[in-house]
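Engineer: Numbering (the UniProt record's numbering), first residue to last: 1 to 142.
One structure follows; several queries about it will come next.
Listed below in structure tokens is the structure:
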């Protein structure tokens, strides 16, 4: 994925490799957009809930959401689609990011994007989506 680096709220994406994540997180954004198992009421909400504060904001992310067939979705930040998501503010980003990075694992990359209301981090799927079913209405699949 070719991404424009933009640390201000003007657009583009900031891709952060795992080895630099902790260093890059400082002072950029304490917000996370979730679109799958970490959403309120979904299977892994219990992992995110103690890490966030306040209510969520409903937003639409740019891209396409897919059902991996493995019990979790994959977001591609490409194409012209819109993916429903929830944005939360992290209570303690320094503590939260390592836990969230571990949960998402090596199959996902964290990107800083701009949505309504400002910038936030989102995990996207950089790999192939061959065999994955598109989810035009979001997660969970209908």
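Every residue gets a Cβ at the ideal spot worked out from N, C-alpha and C, and that includes glycine.
State the DSSP-derived secondary structure class of residue 78, mapped to helix, strand or coil.
Structural biologist: One-based indexing of the chain shown puts residue 78 at position 78. Three-state result, residue 78: coil.
Engineer: May I have the straight-line CA-CA distance separating residue 51 from residue 38, to the nearest angstrom?
Structural biologist: Start at 1 with the first residue of the chain shown, and residue 51 comes out as number 51. Start at 1 with the first residue of the chain shown, and residue 38 comes out as number 38. When rounded, the distance between both Cα atoms is 11 Å.
Engineer: What are the boundary residues of the alpha helix (DSSP H) that residue 44 is part of?
Structural biologist: Translated into positions along the chain shown, residue 44 becomes position 44. No alpha helix (DSSP H) contains residue 44, which DSSP labels as neither H nor E.
Engineer: So who's on the other strand from residue 73, going by DSSP bridges?
Structural biologist: The count along the chain shown starts at 1 and reaches residue 73 at position 73. In the DSSP output, where bridge partners are listed per residue, residue 73 has 67.
Engineer: Can you tell me whether residue 76 is buried or exposed, with buried defined as 16 or more other CB within 10 angstroms of its CB?
Structural biologist: Counting from one through the chain shown, the residue named residue 76 turns up at place 76. Buried.
Engineer: Do you know whose CA, among 121, 55, 125, lies nearest residue 30's CA?
Structural biologist: On the chain shown, residue 30 is found 30 positions in, with the first residue counted as 1. Looking at the Cα atoms, 121 is the closest of the given residues.
Engineer: Within 10 angstroms of its Cβ, does residue 46 collect 16 or more other Cβ (buried), or is it exposed?
Structural biologist: Within the chain shown, numbered from 1, the residue matching residue 46 stands at position 46. When all chains shown are included, residue 46 counts as exposed.
Engineer: Does the Cβ of residue 64 have 16 or more other Cβ atoms within 10 Å, making it buried, or fewer, making it exposed?
Structural biologist: In the chain shown, counting from the first residue as 1, residue 64 sits at position 64. Buried, by the Cβ-count rule.
Engineer: Between the region 127-139 and the region 65-74, are three or more C-beta pairs nearer than 8 Å?
Structural biologist: Cβ pair count under 8 Å is three or more, so yes.
Engineer: According to the neighbour-count rule (16 or more other Cβ atoms, all chains shown, within 10 Å of its Cβ), is residue 107 buried or exposed?
Structural biologist: If you number the chain shown from 1, residue 107 lands on position 107. Classification of residue 107: exposed, given that the 10 Å Cβ count is below 16.
Engineer: Give every residue of the same chain whose Cβ lies closer than 7 Å to the Cβ of residue 53, excluding the five residues on either side of it in the sequence, and list them in chain order.
Structural biologist: Position 53 of the chain shown, counted from the first residue, corresponds to residue 53. These residues qualify, in order along the chain: 89, 91.
Engineer: Apply the 10 Å Cβ neighbour rule to residue 79 and answer buried if 16 or more other Cβ atoms are within range, or exposed otherwise.
Structural biologist: Residue 79 sits at position 79 when you count from the first residue of the chain shown. Looking at its Cβ environment, which holds fewer than 16 other Cβ atoms inside 10 Å, residue 79 is exposed.
Engineer: So is residue 36 buried or exposed if we call it buried at 16+ other beta carbons inside 10 Å?
Structural biologist: For the purposes of this step, residue 36 is taken as the residue at position 36 of the chain shown. Buried.
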